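Chemist: In my numbering, the protein residues as written are 5 to 193.
Glycine included, C-beta positions come from ideal geometry on N, C-alpha and C.
Here the structure is a predicted model, which is why all the values come from computation and not from measurement.
#1: Restricting to Cα atoms, I'd like to know which of 23, 5 and 89 is closest to residue 58.
#2: Distance, Cα to Cα, residue 163 vs residue 131?
#3: Considering residue 83, what are the terminal residues of the alpha helix (DSSP H) in which it resides?
#4: Say whether the region 55-75 touches the region 97-114, bearing in mind that this needs 3 or more beta-carbon pairs closer than 8 Å, one atom from each stretch.
#5: Can you tell me where the alpha helix (DSSP H) with residue 146 in it begins and where it stops?
#6: Is it the case that the Cβ atoms of residue 77 and residue 149 are separated by a distance below 9 Å?
#7: Thinking C-beta only, is residue 182 closer than 9 Å to residue 15?
#8: Tell me the DSSP bridge mates of residue 14?
#9: Among the residues of its own chain, which have a CB less than 8 Å from the CB of residue 135, if the five just before and after it don't count?
#10: Is the beta carbon of residue 184 less than 9 Å from the beta carbon of residue 166?
#11: How far does the beta strand (DSSP E) with residue 106 in it extend, from its first residue to its last?
#12: Whose C-beta lies closer than 7 Å to the C-beta of residue 63 among residues of the same chain, with five residues either side of it excluded?
#13: For the region 105-122 against the region 30-41, do three or more pairs of beta-carbon atoms, one drawn from each stretch, fall closer than 8 Å, so that the two count as touching?
#14: What is the DSSP secondary structure of residue 34, reduced to helix, strand or coil?
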């Protein structure tokens, strides 16, 4: 992902926050053709496919648009387990490359198990809605900041909205005064 690449080039701190942009979707998701129609969505999808290809990723168009709430809760569980970055990557792969319904509790538990996490503990956390308050706080914060779309990157005092090419993020980091890493140095999570 572009953010991981940015972390390898600059001494920056990355803080991911999960924002649910379609909370109105049913937990089971909805068929893609029922939600995204028209030329705007075709162009947006084509742009996302180009960006994925530029990053060396194969992207499909999932047939189900998932409600992401449980996936965001699962990502918080993974953060507590110290595997947030790799779990987010696996979620993206499952959804955008494999067409998995990441709004399905069993799919999330399976992904956790696959990654060596305790899937049953994740299931329990999801059933208890353990991270609901945290996600509500993120929603409040993003509303205060005027953020309504994902991804949104806050880099210094700049806001970069949407899936942008790497060079756009890189230039924003430079303008924000981010220190380039020296050979062998590692950035922050």
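Modeler: Taking the definition as stated:
#1: 5
#2: Each residue's alpha carbon lies about 35 Å from the other.
#3: 73-84
#4: yes
#5: 136-149
#6: no
#7: yes
#8: 184
#9: 76, 77, 80, 81 and 129
#10: no
#11: Residue 106 -> no beta strand (DSSP E), and no H or E assigned at all.
#12: 52, 53, 56, 100 and 101
#13: yes
#14: The three-state reading of DSSP puts residue 34 in strand, counting E and B together.
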